[in-house]
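Enquirer: My structure is below; once you've seen it, I'll send some questions.
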Amino acid sequence: MISSPPYSGGKRVSEILSKQMGYELIDDELMETSAKNYKVPVEKFKTALRRAPSLFGMSQEEILKYTAYFQATLISTLTRGNIIYHGAVGHMLISGVSHVLKAYIVANVNDRASRKVADEGIDEKKALKEIQKEDKEHKKRIKTLFNTDDSNPVLYDIVLNIGQITLEDAAKIIQDTSENRRFQPMTYSEQCMKNLELSCRVRAQLINIDSSIIVRAEYGELTINTKAVEKDKEKRIAAIREALKDFEGVKKVEINVAEDFFGQVSTILR
Numbered sequence: 005m006i007s008s009p010p011y012s013g014g015k016r017v018s019e020i021l022s023k024q025m026g027y028e029l030i031d032d033e034l035m036e037t038s039a040k041n042y043k044v045p046v047e048k049f050k051t052a053l054r055r056a057p058s059l060f061g062m063s064q065e066e067i068l069k070y071t072a073y074f075q076a077t078l079i080s081t082l083t084r085g086n087i088i089y090h091g092a093v094g095h096m097l098i099s100g101v102s103h104v105l106k107a108y109i110v111a112n113v114n115d116r117a118s119r120k121v122a123d124e125g126i127d128e129k130k131a132l133k134e135i136q137k138e139d140k141e142h143k144k145r146i147k148t149l150f151n152t153d154d155s156n157p158v159l160y161d162i163v164l165n166i167g168q169i170t171l172e173d174a175a176k177i178i179q180d181t182s183e184n185r186r187f188q189p190m191t192y193s194e195q196c197m198k199n200l201e202l203s204c205r206v207r208a209q210l211i212n213i214d215s216s217i218i219v220r221a222e223y224g225e226l227t228i229n230t231k232a233v234e235k236d237k238e239k240r241i242a243a244i245r246e247a248l249k250d251f252e253g254v255k256k257v258e259i260n261v262a263e264d265f266f267g268q269v270s271t272i273l274r
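Just so we're on the same page, the working numbering is the position in the sequence shown counted from 1, plus 4.
See the structure below:
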């Protein structure tokens, strides 16, 4: 997986790497796939994944819903193997799978502005201002969705600054790193991917029941954590079991329902 701020060269590095390795390259077109899978307008994904939250914009629950849909589509796609993904927030949606290499491409903001000028034909001052605005909105969006800063190098296996090295150099470094035995699929890491894929599909299935639902999958067995007010606990369990009836890959379901204290207070005050 390759991530980068706009105009840092990440897209071009991904294209070079795809050609070098013969891997399928997937980018934000995956939003269209997700829109078809879940029968919602693609604009919903663009709003949820690309725009900073605002008072009059998409609600937090909607953002979580479309992010869950996109995550399920992304992880299911990655299970095919031999894929390079460069696009919206993908690096934040997969963890615990050792054979998935995460690379982050960065560049000097003035170099990024120069690329924007070349692409769009605008003056450099305007390009720089727009990039700084995009970066600010991106940080706000990532903070809201994941409570972190995705420029933190700890989140990646490799970080490359496109300054002294060429885009081709960067692609070669990433390829060489990906061929290290530590990033080769093994029985355990492949099972981790299967577990993650199932948990994401299930969470997407249940997201309309509880936008903060937590799903963990292991060899087809699910542990689901949700919240409900006391009087609705049995109803919540029944709704989850009905939604997962005959769901592909599910062998067993354990549901834990915690007390929703805020919901309880809200009910009392009505």
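A virtual CB, placed ideally from N, CA and C, is assigned to each residue, including glycine.
1. For M197, which of D173, I211, Y223 has the nearest alpha-carbon?
2. Please go through the region 173 to 211 and give each complete alpha helix (DSSP H) segment of 4 or more residues, from N-terminal end onward.
3. Within a Cβ cutoff of 7 Å, which residues of the same chain sit near S38, ignoring the five residues on either side of it in sequence?
4. I want to check one thing, is the minimum distance from the CB of V233 to the heavy atoms of the ligand NAD below 8 Å?
5. Does the Cβ of S7 have 16 or more other Cβ atoms within 10 Å, making it buried, or fewer, making it exposed?
6. Could you tell me the alpha carbon to alpha carbon distance between R186 and D161, rounded to whole angstroms?
7. By how many angstroms is the C-alpha of L226 removed from the C-alpha of S270?
8. Indicate the three-state DSSP secondary structure (helix, strand or coil) for V233 in the structure shown.
9. Assuming G206 contacts V254 under a Cβ cut-off of 8 Å, what Cβ separation, rounded to an integer in Å, is found between them?
10. Quick check: what's the CA-CA separation for L53 versus P10?
Expert: Let me spell this out:
1. Y223
2. 191 to 210, all fully within the region 173 to 211.
3. F49, Y73, F74, T77
4. In the structure shown, the ligand NAD is absent, as is every other ligand, since no ligand is present at all.
5. By the Cβ-count criterion, S7 is buried, with 16 or more other Cβ atoms from all chains shown falling within 10 Å of its own Cβ.
6. 11 Å
7. With a pLDDT of 46 at S270, under the threshold of 50, the modelled position of this residue cannot be trusted; read the value that follows with caution. S270 and L226 have their C-alpha atoms roughly 30 Å apart.
8. Of the three classes helix, strand and coil, the one that applies to V233 here is coil, per DSSP.
9. The sequence as given places Val at residue 206; Gly does not occur at that position. That belief holds up - the Cβ atoms of V206 and V254 are roughly 7 Å apart, short of 8 Å.
10. The alpha-carbon atoms of L53 and P10 are separated by roughly 14 Å.
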